[in-house]
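K.L.:
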């Protein structure tokens, strides 16, 4: 019986040592392009857009303006890439501001607000039918 007890004690100690010594694997990935760096789920969680939406809709629409901002004829890198590469907070803030302005200029092209009280109420009913919003 003592041998069995000693076996369990030694086995428990070995298991505890193995638990401590296990180091999580690290993966080296190119952090310059978040479209390549992040998985689809990680990208959506971080940016709230699908990769496909950014590639097919957003970038083609603002690409020309982004090139003008840069003045070097090169595409302006994504903002988080700048953050990951150690740009200062004011630089990142200016980038965010410029991109936000470009997107805001496109608002009337892609978002149509209802005109007139009747159309507004109709849209409210439709939203309510879909998602009980607004209550």
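Residue numbers (this note's numbering): 2 to 136. Glycine is no exception: its CB is placed at the ideal position from the N, C-alpha and C atoms.
#1: Mind checking which residues open and close the alpha helix (DSSP H) that includes residue 46?
#2: Taking only three categories from DSSP, how would you classify residue 56?
#3: Give me the residue from 36, 49, 63 with the minimum Cα distance to residue 138.
#4: Given this structure, state the Cα-to-Cα distance separating residue 119 from residue 128, to the nearest angstrom.
#5: Do residue 46 and residue 36 have their C-beta atoms closer together than 7 Å?
#6: Rounded to the nearest angstrom, how far is the Cβ of residue 121 from that of residue 135, given a contact under 8 Å?
P.N.:
The short version:
#1: Its alpha helix (DSSP H) spans residues 41-48.
#2: Helix.
#3: Since the displayed the chain opens at 2 and closes at 136, residue 138 lies outside it and no answer follows.
#4: When rounded, the distance between both Cα atoms is 14 Å.
#5: Taking C-beta atoms as the reference points, residue 46 and residue 36 fail to come closer than 7 Å.
#6: Not a contact, Cβ separation roughly 12 Å.
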